[in-house]
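Numbered according to the numbering used here, the sequence shown spans residues -13 to 340.
Read the structure below first, then the notes.
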Amino acid sequence: MSQNTLKVHDLNEDAEFDENGVEAFDEKALSEEEPSDNDLAEEELLSQGATQRVLDATQLYLGEIGYSPLLTAEEEVYFARRALRGDVASRRRMIESNLRLVVKIARRYGNRGLALLDLIEEGNLGLIRAVEKFDPERGFRFSTYATWWIRQTIERAIMNQTRTIRLPIHIVKELNVYLRTARELSHKLDHEPSAEEIAEQLDKPVDDVSRMLRLNERITSVDTPLGGDSEKALLDILADEKENGPEDTTQDDDMKQSIVKWLFELNAKQREVLARRFGLLGYEAATLEDVGREIGLTRERVRQIQVEGLRRLAFFLPFVFCQQRRDTRHHWRVINIFLRHAKRLWIVFAAGTA
């Protein structure tokens, strides 16, 4: 058969199905198809302009597989039997003769997150598997049998590769049921259905439907441009929820300036224990046992000194600030925060002086 370059739009989208609901691929019709006048004219134009433009990878691939002749039913049985016996040439012949079937099926999965060539590549893996498993003695055409393998490999590739965070196959299948129901309801109700409406349609718990629909949320890169004339990315306009606000920053700065003064109001033993305990004055933060080992005291004695030191701070700090500052209300607030969150504030100070 004479077969010229095959283009994507030349493939028929109207699928035919047999009585079992399986898509039937009419290879005989394709083998008997003759090129039309338009095809010949287009071929002539392509031949004239071939040296002036470079075909992309998809066109090159489709052009190559267009030269593989299709098999008749008798040839199909002959080569399938030899392939089952391990004949490599027969196996190769069956694969090459059905590559166009893969393209036809792959086109139906466009706009699903994978490029056409990627879909074709996955479908070819299914075709190879179908050749290995096909039994010609059952009386089915190979295209009917291979369609299932091709579809399965393409659909699994879409499930596994199109999401940033991969979901298990059974979860994706269940999610697709909900999404298909949502599309049907949107046409029926003229609005986007709620989780309650989907749950009622499927007779499922609302919580299960809501949880599954949340899995369909897409992940967007923070480096995504905002578009338009702006050169900013999404990252540039997102607020950092972990960053301290102006009030907290001012408060922490005040604390950092005052903690050293507070420490030196204690005796040497209390100051050393608190400094070693919370990682201040050049020490690394340590446990009670480690501090006791370093200064030659028991764990319980270190804990007692720590409690005494904090209790002493609670006793004399108000008087220190009342003598030094007029804004006693502000510093009472600072002192109360210090007493409630002593460990956190020690760590904040240590990080700022590291």
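Don't be surprised by glycine CBs; every beta carbon is placed ideally from N, CA and C.
Quantities reported herein were computed from a predicted structural model and do not represent experimental measurements.
Between leucine 165 and histidine 173, what straight-line distance do the alpha-carbon atoms span, to the nearest angstrom?
-> 13 Å
Integer-rounded CB distance, given that tryptophan 135 should sit under 8 Å from leucine 113 | 7 Å
Can you tell which of Val117, Glu50, Arg71, Met145 has the C-alpha that lies nearest to the C-alpha of leucine 100?
-> Met145
N- and C-terminal bounds of the alpha helix (DSSP H) containing valine 89 = 85 to 92
In chain order, what residues of the same chain have a beta carbon less than 7 Å from the beta carbon of leucine 105, not counting five sequence neighbours either side?
-> Ala92, Tyr95, Ile140
Roughly how many whole angstroms lie between the Cα atoms of glycine 7 and leucine 212?
-> Its pLDDT being 36, under 50, glycine 7 is placed unreliably in this model, and the coordinates cannot settle the point.
Look up proline 211 in the DSSP assignment and say whether it is helix, strand or coil.
-> strand
Which residues in the same chain as serine 83 place their Cβ atom closer than 7 Å to its Cβ, once the five residues preceding and following it in sequence are excluded?
-> Ser54, Pro55, Leu56, Leu57
Leaving out five residues on either side along the sequence, give the residues of the same chain with a beta carbon under 7 Å from the beta carbon of alanine 181.
-> Val192, Val195, Ser196, Leu199
Have a look at glutamate 50 and arginine 149 and give me their C-alpha separation to the nearest angstrom.
-> 32 Å
Can you name, in chain order, every residue of its own chain whose Cβ lies under 8 Å from the Cβ of alanine 143, other than the five neighbours on each side?
-> Leu100, Asp104, Leu105, Glu108
Delimiting residues of the alpha helix (DSSP H) encompassing isoleucine 114 = 102 to 119
Where does the unbroken alpha helix (DSSP H) through lysine 255 begin, and where does it stop?
-> 254 to 264
Length at least 4, wholly inside the segment 148 to 230: the alpha helix (DSSP H) runs in chain order | 155 to 175, 181 to 188, 192 to 200
Span separating the alpha-carbon of proline 179 from that of glutamate 123 = 49 Å
Alpha helix (DSSP H) containing phenylalanine 65: first to last residue?
-> 59 to 70
Taking the alpha helix (DSSP H) that glutamate 275 falls in, what are its first and last residues?
-> 274 to 281
Given a cut-off of 9 Å, decide if alanine 168 and isoleucine 184 are closer than it, judged by their beta-carbon atoms.
-> yes
Considering only C-alpha positions, which residue in the set Lys247, Glu160, Arg79, Ala219 is nearest to aspartate 209?
-> Ala219
What separation, rounded to the nearest whole angstrom, lies between the Cα atoms of alanine 116 and isoleucine 81?
-> 9 Å
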